Amino acid sequence: MTVRNEYGESFRPKSLPVSLAHPYVVNAAGVYVDSATGTPISLTAKPEVKDDHIADVPYTTVFDHQAELLTHGPTYTNYVSIGQRKGNTNYSVSFENTKEDGVIKLLKGYTRQNVRVNVDQALTPRLDLSVGGFFGKSNNNQLTQGPGSPFFAVTFVDPNIDLLATNADGSSYRAFIPYNLTNASNPLYTLANQQINTDRSRFSGYGRATYRLLDWLSLEGNYNYDQEASNYTNLTPDGFLDAKGSFTPGGLVKTDSGGRTFNTGATLTSVRTFQLGSWNVRNTTKAAFVYEDQEATNFSVTSNAFAVIKTPEFNAIDPTSVFPASRDVTIRNENYYLISTFDIKDRYLLDGLVRRDGSSLFGPESRWQTYYRVSGAYRLSQDFHINGVDELKLRASYGTAGLRPTYDAQYETYQIVGGKPKKYVLGNTNLKPARSGEMELGVNIDLLSRFSLEYSYSRKETKDQILLVPINPVAGFSRQWQNAATLLGHTHELSLSAILADQPDLSWRVNIAADRTRQKITQANYADGKSLAYFIGPSYGGNNEVTKAFLIAAGEELGVIYGTKTVTSISQLYDDPSKSPTCPGAYCPDSFVVNEDGYVVQKSAFHTINERPIAYVDKNGKSSVKIADVNPDFNLSFTSTLRYKNFSIYGLVDWVQGGKIYNGTRQWPFFEYRDRVYDQSKKPSVDCTGTTDPTHCPYSTGKKPIEYYQFFYNGIDPIDFFVEPGTYVKIKELNVSYTFDRSTLSKLGLGINSLRIGVIGRNLFTFTKYSGYDPEVAGLSGDAFTFRFDGFSYPNFRTFTGFAEINF
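Here the numbering used here is used: the first residue of the sequence shown is -10, the next is one more, and so on.
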């Protein structure tokens, strides 16, 4: 029996710097005024920008809004397990309870409870039975992410606005944001009044029986069942105040989703040893059948107005504001495979697999596909003795596999617009599985009974990639899933394990794993053979239409960001075929200068209100060019376990070297002059009273007008200003513990075999030049190295916990 309790706290991430100065007209008290009359402006009016347009007026009052939003939250886990082997029976039962409050104020966080049971029983000398079950339930009191989320809203609020003030009705967290700031809202008011919850439950169970027909032949049958249910609620109460302080009718969204999956199969396994001449051969052959059946349902209702106050039910809503939606999915798959492995003389290893797959996700002509794998290995150390080498093995393999599309790829789909169906995606019954062929070469070396080295190289080519491509909307449909591209990838993987000490009182083991991957689109065509090229987005706020940065086209590296490049040398101007360095002329080199920030500007506009950077145009006349590659040079993880007597220290460090991150979280607030770069108050001031050169004087010390920085907002489209280094080293975990053994604990007479106590730190320190919350970003897509895009998502945070583990 094992009992483990872990308790600690999560700690808020660092605060991001913001502008602490503004460009508005104020009086001596720092109040926004009308320049013509000197009277304070209305709280609902937009402040007037002063004549020089420089944001160098410090806010008279400054609140730390990020500190008001973020907090330290408790976290704990309770775990109990009981297991025993008695006679022909082996069983285990475990229970786990987890609570994670997170780092956002006013959220209850995440809770989960799990129960797991497993039983193995030998019924007869030839028949074994295994059964097991799992049940878990969770509740997540969550927040939205991406645009509109608390992390989004807080970046637009001026630092002089008191978010902790009360509303006119006495409720907490003033909703009204003065001075008509677009996108700004009080995230604390939203968190206190809008409730978003997801309740989930999951049950899974399995049964497996193995019957040994002969000493060398066994038959196994299995059945696995998985059922999941999710209930999502997003409640905005009637009377909810918007950022203008106006009452809104609230709204209610409820989504019930779930489904069940079961698979059943049978495997016939043969294990034989025989002589092939003078060679001993061991063969393992398996023939198997697997049937999978999946059903999923989703039903949601959205309402934008309550008709009855304080009644958060659909019978209290305005029926004219109801928008229902539903979805039913049925997927069935059948798989047959035959695999055979030969171990010859304990040095030559051969393996072959043939697999036949059928899936209902494809049309009638493409549902059945055949895949295969062949591999071999040679243990050289069995034939050649090399001093210090315990094992030397060369290996190679080649295999194929198929990738499946989404459920609705073969069907026409429609969107409801204005109460009427609108054609959206054209179905494709001719869609085929994307077919991957992967060759892998590798070597394994064990040295001096202490070191293990493994290297692998793989070349993976995936043809007929399934993409949602834009099509000519002649028939009314704008997109279609097609087999449209070929992706070629090369991956190197290296791992090293070392036993640095192995004594009764001292042991030290170190593991290092590294990898590097590059992927290139080698072919991209429509189904009719025409060339395909289009941009996709990084799922910015769950919407690929907001920012499209990644080009799908033949010859493109996967993970390269396209966007606007800012001219940093005068020679770059003349890559644009429309510009000529001829003097005299509009683009004579003498007409331009590189400013203090390293950007090329017109000399006539330098140190004036009209100073602006210049967008680069390449030799083909294109303004959208490659500005970044998100792919790291390599990824490396390092683990170390050191034990001295009863003390143990475990550490995990991740190192990502190279690659770029796009800081979309920083770009959007440029719209409201909120970024730190707008703050010109720290630059040298100049008194222009009585100056003979009012055009240049205010800007002579390097201060820039707000329009200069608005260039980088770029209509929220990608631009190189927000491309940042992606290199980081992160101490992911540090675990220090001490174990009291049985001999020490026996004096207590409590029947305790061991007691381990310790502390754990997770996400402890990050060493990086990235300016956002955390360089370990993946947008909202979850893909950290295809889309390294920071877009207002929940950041990683540090946790410290203490634990105690008792074994009886």
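Every residue gets a Cβ at the ideal spot worked out from N, C-alpha and C, and that includes glycine. Fair warning: this is a prediction, and the values are worked out from it, not measured in the lab.
Helix or strand or just coil, what does DSSP make of residue i?
i, result
"K671", "coil"
"I695", "helix"
"Y(-4)", "strand"
"G653", "helix"
"Y178", "helix"
"R316", "strand"
"E217", "strand"
"E794", "strand"
"P578", "helix"
"Y662", "coil"
"A18", "coil"
"Y717", "strand"
"E534", "Unreliable positioning characterises E534 in this predicted model, as indicated by a pLDDT of 48, which lies under 50. The coordinate reading is nonetheless provided below. Note: E534 maps to coil in three-state DSSP."
"Q399", "helix"
"Y337", "strand"
"F466", "coil"
"G122", "strand"
Short of 7 Å in beta carbon distance, which residues of its chain neighbour residue i, apart from the five on each side in sequence? Order them along the chain.
i, result
"S438", "D379"
"A853", "Lying before the first or after the last residue shown, residue 853 is absent from the chain, which here runs from -10 to 797."
"V582", "V590, K592 and F595"
"V106", "V82, G121 and G122"
"Y162", "L152, L153, N175, L177, Y178 and A181"
"G771", "Low confidence applies to G771: its pLDDT is 47, below 50, so where it sits in the model is not reliable, and the reading given next is rough at best. Result list for G771: empty, nothing under 7 Å."
"A111", "N77 and D117"
Could you name the residues of the same chain whose beta carbon sits closer than 6 Å to that of residue i, not counting the 5 residues immediately before and after it, in chain order?
i, result
"C242", "The question names Cys, but residue 242 in the sequence shown is Val. N223 and T291."
"D494", "K634"
"T480", "S447 and T506"
"R(-7)", "Y68 and E794"
"D215", "S193 and T250"
"F803", "A query on residue 803 cannot be resolved here, the shown segment of the chain reaching from -10 to 797 and no further."
"R362", "L342 and G388"
"V311", "S292"
"F774", "The predicted position of F774 is uncertain, since its pLDDT is 47 and thus under 50; a value taken from the coordinates is nonetheless stated next. Correct list: empty, nothing qualifies."
"F756", "V718"
Using only the alpha-carbon positions, how far apart do residue i and residue j sit?
i, j, result
"G170", "E696", "Here residue 170 turns out to be Leu, not Gly, going by the sequence shown. C-alpha separation (whole angstroms): 17 Å."
"D332", "S386", "15 Å"
"P570", "T555", "19 Å"
"N411", "Q404", "Correcting the residue identity first, residue 411 is Lys in this sequence and not Asn. Going from the Cα of K411 to the Cα of Q404 covers about 5 Å."
"D622", "P714", "12 Å"
"N838", "R777", "Outside the shown range of the chain (-10 to 797) lies residue 838, about which nothing can therefore be said."
"A44", "K672", "11 Å"
"D668", "P687", "15 Å"
"G531", "A17", "Reliability of the predicted coordinates at G531 is poor, the pLDDT of 42 falling under 50, and no value is obtained from them."
"T630", "R663", "46 Å"
"F700", "A34", "25 Å"
"C677", "T26", "23 Å"
"E661", "F52", "17 Å"
"N324", "R345", "6 Å"
"N533", "D231", "Residue confidence is low: N533 scores 42 on pLDDT, short of 50, so the model does not pin down where it sits. Its coordinate-derived value is still stated next. So the alpha carbons of these two residues sit roughly 27 Å apart."
"S4", "Q55", "6 Å"
Grab me the residues of residue i's own chain with a C-beta within less than 8 Å of its C-beta, minus the 5 sequence neighbours each way, in chain order.
i, result
"G408", "none"
"A157", "G234"
Measure from the alpha carbon of residue i to the alpha carbon of each residue in the options, then state which is nearest.
i, options, result
"P6", "T28, R655 and L112", "R655"
"A314", "A604, D245 and H374", "D245"
"T286", "I320, L625, L132 and P136", "I320"
"L95", "E57, F792, A18 and S329", "E57"
"A398", "G352, G587 and A198", "G352"
"R424", "D435, L477, S445 and S467", "L477"
"P566", "C572, T557, Y576 and S637", "Y576"
"P36", "L257, V108, G544 and V22", "V22"
What first and last residue would you give for the alpha helix (DSSP H) that runs through residue i?
i, result
"E57", "H54 to L58"
"S732", "R731 to L734"
"P139", "P139 to A142"
In terms of residues, what are the limits of the beta strand (DSSP E) holding residue i?
i, result
"M798", "As displayed, the chain neither begins before -10 nor continues past 797, which places residue 798 out of reach and without an answer."
"S760", "No beta strand (DSSP E) contains S760, which DSSP labels as neither H nor E."
"H596", "No beta strand (DSSP E) holds H596; DSSP gives it neither H nor E."
"I455", "F440 to P459"
"P841", "Missing from the structure shown is residue 841; the chain here goes from -10 to 797 and no further."
"S567", "From DSSP, S567 is part of no beta strand (DSSP E); its letter is neither H nor E."
Should residue i be counted as a contact of the ligand ATP given a C-beta to heavy atom distance under 7 Å?
i, result
"A542", "The model depicted lacks the ligand ATP and carries no ligand whatsoever."
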